[in-house]
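A short write-up of the structure that comes next.
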């Protein structure tokens, strides 16, 4: 079975909820349409969700994130913060976040021991103090937590004896470890929805799940949203090894299809049939939007010669203008007056 680039672009409009008739009722459904919303930049979650909603509204996204908690932010694929539905969150946690949590804790403990003569018992006490503040206050910023817990005002030295030697407050790193372990989570911002200053609140600790089971479910979701895609595409998107990506594809019975230029892609079982092209559609998507970030090989929606103008060397994308599944332009903010331009 062969799937053309034109068919792949049609799938984007329908499955990524960008064509008008495919848009979603709410922010949670918008996230599920693309598996997860990039959330490193707080504004991206709102802009990406609203681009896919029938009735876009900042208030609706805020409700999903902070009131109903139908979306949660996790440090997960590619060590990036994503907003995922509460249904998918346990799988993403087991598939990606757990391994990151182990590395984060190991790295912090090494810095504490080797450079600052602090040990695991000290870290446990610092974590306990931070969590106690949140239990009392309900939610608090990092600065508020530090003010209430003296141990978190401890300064540590990093890279001692080198040109990079510097002194840092330990609070941010302790809170990060608590977050990746699921003990706390990012809550409401301090200020507007575009603010990068946020409050911490109690998290959700998910029940143990086999990594293979979790990775298979994430692969199934990705194939449903981004298929056909190559093994290299999924490896890049997930941040896993190629072996893990292949194992996850095999677990869900992914079927091989031929793509243009002789490449081999994969779809879910029974998903190789042609789809009807949606009505003409246009979209202005923010930087790091999941659609532009969904594949490593982007030639089917963006000519290779234009990629350097929109993507950096790490593969991160700026704002993009879409027409019927192809990128036809980019967006930026003028330095002269701050106005947006395409």
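In the UniProt record's numbering, the protein residues as written are 1 to 342.
From the three backbone atoms N, C-alpha and C, an ideal C-beta is built for every residue, glycine too.
key: Segment limits, alpha helix (DSSP H) that includes residue 90   = It spans 89-92 - the alpha helix (DSSP H) in which residue 90 sits, taken as one unbroken run.
query = Between residue 348 and residue 222, what straight-line distance do the alpha-carbon atoms span, to the nearest angstrom?
reply = Nothing can be reported for residue 348, as the shown portion of the chain is limited to 1 through 342.
Same chain, Cβ closer than 6 angstroms to residue 253, five either side skipped, listed in chain order = Hits under 6 angstroms: 269.
inquiry  = Suppose the cutoff is 6 angstroms on Cβ atoms and the five residues either side in sequence are ignored; what does the same chain contact list for residue 322 look like?
reply    = 283.
Cβ-based neighbour list, residue 251, same chain, cut-off 6 angstroms, excluding 5 preceding and 5 following = Closer than 6 angstroms at Cβ, skipping near neighbours: 216.
request  = Go ahead and label residue 168 buried or exposed: buried means 16 or more other beta carbons lie within 10 angstroms of its beta carbon, across all protein chains shown.
outcome  = The C-beta of residue 168 has fewer than 16 other C-beta atoms within 10 Å across all chains shown, which makes the residue exposed.
message = Could you give the first and the last residue of the continuous alpha helix (DSSP H) run that contains residue 249?
response = 242-251 is the extent of the alpha helix (DSSP H) around residue 249.
inquiry  = Tell me the DSSP secondary structure of residue 259 in three-state form.
reply    = If DSSP states are grouped into helix, strand and coil, residue 259 belongs with coil.
task = Give the DSSP bridge partners of residue 267, in chain order.
result = The partner list for residue 267 (beta bridge, DSSP) reads 255.
query = Does residue 183 come within less than 8 angstroms of chain C when only Cβ atoms are used?
reply = Reference to chain C is not applicable here, since this structure consists of a single protein chain.
As assigned by DSSP and simplified to three states, the class of residue 35 = Coil, per DSSP.
8 angstroms Cβ cutoff met for residue 8 and residue 228 = Judged by their CB atoms, residue 8 and residue 228 are nearer to each other than the 8 angstroms cut-off.
request  = Starting from the Cα of residue 309, find the closest Cα among 159, 327, 295 and give me that residue.
outcome  = Answer by Cα proximity: 327.
query = Would you call the segment 175-188 and the segment 127-145 touching, i.e. three or more CB-CB distances under 8 angstroms?
reply = Look at the beta carbons and you see the segment 175-188 touching the segment 127-145: at least three pairs across the two are nearer than 8 angstroms.
Contact belief for residue 145 with residue 171 at Cβ below 8 angstroms, rounded distance in angstroms = Residue 145 to residue 171, Cβ: 7 angstroms. Contact.
query = Going by beta carbon distance, what residues of the same chain come within less than 7 angstroms of residue 196, once the five residues before and after it are set aside?
reply = By the criterion of a C-beta distance shorter than 7 angstroms, residue 196 is surrounded in its chain by 42, once the five residues flanking it on both sides are discounted.
request  = Using the Cα positions of residue 158 and residue 113, report the straight-line distance between them to the nearest angstrom.
outcome  = Residue 158 and residue 113: Cα-Cα distance of roughly 11 angstroms.
request  = Determine the direct distance from the alpha carbon of residue 249 to that of residue 3, and round the result to whole angstroms.
outcome  = Taking the straight line from one Cα to the other gives about 18 angstroms.
inquiry  = Helix, strand or coil for residue 209? Go by DSSP, reduced to three states.
reply    = If DSSP states are grouped into helix, strand and coil, residue 209 belongs with coil.
message = In whole angstroms, give me the CA-to-CA distance for residue 20 and residue 331.
response = Approximately 21 angstroms, taken between the alpha carbons.
task = Count the other C-beta atoms from every protein chain shown that fall within 10 angstroms of the C-beta of residue 155, then say buried if there are 16 or more, exposed otherwise.
result = Classification for residue 155: exposed.
query = How should residue 242 be labelled, buried or exposed, when 16 other C-beta atoms within 10 angstroms of its C-beta is the threshold for buried?
reply = By the 10 Å Cβ count, residue 242 comes out exposed.
inquiry  = Quick check on the DSSP output: the alpha helix (DSSP H) that includes residue 7 runs from which residue to which?
reply    = Residues 5-15.
Residue 279 to residue 149 span [Cα, whole Å] = In a straight line, the C-alpha of residue 279 is about 57 angstroms away from that of residue 149.
task = Return yes when the Cβ of residue 74 is within less than 8 angstroms of the Cβ of residue 84, no when it is not.
result = Using a Cβ distance threshold of 8 angstroms, residue 84 and residue 74 count as a contacting pair.
key: Runs of beta strand (DSSP E) lying entirely within the segment 177-208, each at least 3 residues, in chain order   = As far as the segment 177-208 is concerned, its whole beta strand (DSSP E) runs of at least 3 residues are 184-189, 198-202.
message = DSSP has residue 155 in a bridge; who is on the other side?
response = Note: residue 155 sits in a beta bridge opposite 169.
query = Looking only at its own chain, which residues have a Cβ that is under 6 angstroms from the Cβ of residue 35, when we skip the five neighbours before and after it?
reply = Leaving aside the five residues that flank residue 35 on each side, the residues in its chain whose CB is nearer than 6 angstroms to its CB run, in chain order, 221, 222, 225.
query = How many angstroms separate the CA atom of residue 24 from the CA atom of residue 285?
reply = Taking the straight line from one Cα to the other gives about 16 angstroms.
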